[in-house]
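Report on the structure given below.
Numbering (my numbering), first residue to last: 578 to 858.
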């Protein structure tokens with residue numbers, strides 16, 4: 578691991594937490610020892626499946642400079658909280674739902690972004706439609722953010738789930754349009770060059786369905802020249818390329834929690850990891 582000089586502007590970007598508070602605390606300690614002294618970014622899936630989703634949310638709410646984007650598990654919790662979805666087997670949301678400050682926690686989650694772009698780096702949870710530029714990605718994310726922060730958010734939860742349409746089109750309207758955006762930003766793994774999504778395959782990058790590739794390997798991807806940071810895909814593990822950082826390394830499945838420290842001038846990066854026991858402890 579390369580150790581950076583202590584830099585008050587360095588950023589720590591962390592992969593999927595999924596309610597794993599103890600590994601997060603250990604990773605923060607390791608990152609500080611490696612030179613991190615600045616903002617904290619989380620690449621979505623803050624909660625669910627791990628042992629302490631409530632603790633994770635409260636911890637991030639206390640973090641003075643934290644940008645945490647929403648993933649599919651975070652949206653699933655909001656749907657349960659809205660009363661339009663029942664928890665699935667394996668969900669660990671009871672403490673969040675029963676918390677005395679439940680409404681405050683829900684409002685905090687609803688206010689999180691769906692994507693973030695800063696100093697030339699784009700952070701999303703799952704991926705980016707290969708035809709979308711950075712600005713198109715942020716515009717699409719903004720449409721979902723607007724409804725999540727509105728009084729219509731519960732109604733949106735009723736219409737958010739589903740695999741159709743399986744491809745973004747600019748002429749989509751209403752709930753179909755928002756659902757397509759959510760599916761790209763929080764569920765994407767494999768797709769065609771035209772952006773048609775596969776919703777079934779969750780294996781590694783070499784298991785592409787016919788006619789599809791991992792979204793980040795699509796030729797001439799519009800964001801190909803931009804460093805993209807993402808999570809969501811634990812079966813591909815850590816990915817480090819000049820313009821790609823994949824950070825879901827399966828903490829909740831007993832593997833590791835990974836963070837990437839980006840220097841303030843964005844010219845250096847180093848990775849920190851901590852082991853996780855089964856169940857994300």
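In this text, a Cβ means the ideal position worked out from N, Cα and C, and glycines have one as well.
CA-to-CA distance, residue j to residue i, given in whole angstroms
i: residue 694; j: residue 821; result: 14 Å
i: residue 786; j: residue 657; result: 31 Å
i: residue 601; j: residue 639; result: 14 Å
i: residue 757; j: residue 742; result: 6 Å
i: residue 582; j: residue 848; result: With a pLDDT of 46 at residue 582, under the threshold of 50, the predicted position of this residue should be treated as unreliable, and no value is reported.
i: residue 808; j: residue 703; result: 6 Å
i: residue 664; j: residue 844; result: 43 Å
i: residue 804; j: residue 827; result: 22 Å
i: residue 739; j: residue 816; result: 29 Å
i: residue 794; j: residue 770; result: 10 Å
i: residue 722; j: residue 691; result: 7 Å
i: residue 626; j: residue 810; result: 15 Å
i: residue 735; j: residue 612; result: 44 Å
i: residue 592; j: residue 748; result: 33 Å
i: residue 768; j: residue 792; result: 6 Å
i: residue 587; j: residue 842; result: 8 Å
i: residue 671; j: residue 830; result: 20 Å
i: residue 650; j: residue 610; result: 30 Å
i: residue 781; j: residue 812; result: 5 Å
i: residue 710; j: residue 718; result: 12 Å
i: residue 596; j: residue 623; result: 6 Å
i: residue 633; j: residue 784; result: 33 Å
Span of the alpha helix (DSSP H), counted from its first residue to its last, around residue i
i: residue 758; result: 751–764
i: residue 722; result: 711–725
i: residue 632; result: 630–639
i: residue 736; result: 730–737
i: residue 774; result: Looking at the DSSP string, residue 774 is not in any alpha helix (DSSP H), and its letter there is neither H nor E.
i: residue 677; result: Taken as a continuous stretch (DSSP letters only), residue 677 belongs to no alpha helix (DSSP H), as it is neither H nor E.
i: residue 601; result: 598–610
Cβ-based burial, residue i [other Cβ within 10 Å; buried from 16]
i: residue 642; result: exposed
i: residue 712; result: exposed
i: residue 798; result: buried
i: residue 778; result: exposed
i: residue 750; result: exposed
Beta-carbon separation (whole angstroms), residue i vs residue j, contact threshold 8 Å
i: residue 824; j: residue 806; result: 7 Å
i: residue 682; j: residue 675; result: Incorrect: roughly 11 Å between the Cβ atoms, too far for contact.
i: residue 726; j: residue 687; result: 6 Å
i: residue 647; j: residue 679; result: Incorrect: roughly 18 Å between the Cβ atoms, too far for contact.
i: residue 707; j: residue 772; result: 6 Å
i: residue 834; j: residue 851; result: 5 Å
Range of the contiguous beta strand (DSSP E) that encloses residue i
i: residue 816; result: 816–818
i: residue 695; result: 693–695
i: residue 551; result: Because residue 551 is not part of the residues shown, which for the chain are 578 to 858, the question remains open.
i: residue 849; result: 846–852
Beta-bridge partners of residue i, as assigned by DSSP
i: residue 645; result: 619
i: residue 744; result: 773
i: residue 689; result: Per DSSP, none; premise fails for residue 689.
i: residue 591; result: 619, 836
i: residue 627; result: None, per the DSSP bridge assignment.
CB contact check: residue i to chain C, cutoff 8 Å
i: residue 652; result: Absence of chain C from the displayed structure is noted, only one protein chain being present.
Contact test: residue i Cβ vs the ligand HEM heavy atom, cutoff 7 Å
i: residue 748; result: The ligand content of the structure shown is nil, which means the ligand HEM is not present either.
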